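Take the sequence shown: its letter number 35 is residue 34 in numbering that gives the first Met the number 0, and every next letter is one higher. Glycine included, every Cβ here is placed at the ideal spot set by N, Cα and C. Since this is a predicted model, take the numbers as computed values, not measurements. Working notes for the structure below.
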Amino acid sequence: MGKRYPEFVINPSDIVKKYGADTLRLYEMFMGPLEASKPWSMAGVDGSRRWLDRVYRLFIESGKLSDVNDGKLDRVYNQTVKKVTEDFETLGFNTAISQMMIFINDAYKCETVYKPYAEGIVKMLSCIAPHIGEEMWNLLGHDDTLAYEPWPTYDASKLVEDTFTCVVQVNGKVRGKFEAPVGSEEDALKENALNLDAVKKQIDGKTIRKIIVVKGKIVNIVAN
């Protein structure tokens, strides 16, 4: 392949020189399952570099890190530790990276980021991007390498959902959604569903024949 079509050959050294080894490693791990064939994309390489820069800005330059935990990132952080730990054990690097991306997106939406959470993400990310991982670890105030640091652990109690998204259907078609506390009674779910503006529009002038509630999932209103 390389001899017949040299113009299609990617030289890893060129990528490392332009983007850094961390970017190359991240992109290759994020392309998909290790056993699958994937097309090379320079746009994907650019995206990987931008994401690493985004992580660096959040943890090092944003001034968002705090020693006080406001609790807003508790669930997504513990979900991230759990999933990354499990995915690394099965070589599911692409889905582990996806979960870390979810955490970073949520962290950018918060006013502060609990510093131990940032350190946990850095530990996990360093398995794929060791150079920037060590640099961030040092800039976070640590003198020793993170290579011998204990792996992050998660709190299972933080994984429990307090609310769920209830889907509202009218005659079998989705017309709206609302958030409700887990364990809500049927009457409360029915009332919330009927108060949605989109639902009111659909049932205006009609007779409600039946309201079917599947707790924790759906409210289906039958009207004609």
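- DSSP places Glu178 inside the beta strand (DSSP E), whose first and last residues are 172 to 180.
- With distances taken between CA atoms, Arg74 lies nearest to Tyr116 out of Val198, Tyr116, Phe177.
- The alpha-carbon of Lys157 is positioned some 11 Å away from that of Val80.
- Here Ile131 has Asp21, Leu51, Tyr55 as same chain residues with Cβ atoms under 7 Å from its own Cβ, once five neighbours each way along the sequence are excluded.
- Here Glu88 is actually not in contact with Lys122; their C-beta atoms are around 15 Å apart, not less than 8 Å.
- When the beta-carbon positions are compared, Ala192 and Val167 come within less than 8 Å of each other.
- In this structure, Asp105 sits away from Leu64, with a CB-CB distance that is not shorter than 8 Å.
- Bounds of the beta strand (DSSP E) holding Thr164 are 162 to 169.
- For Gly62, the closest C-alpha among the options Leu188, Glu110, Leu195, Thr152 is that of Glu110.
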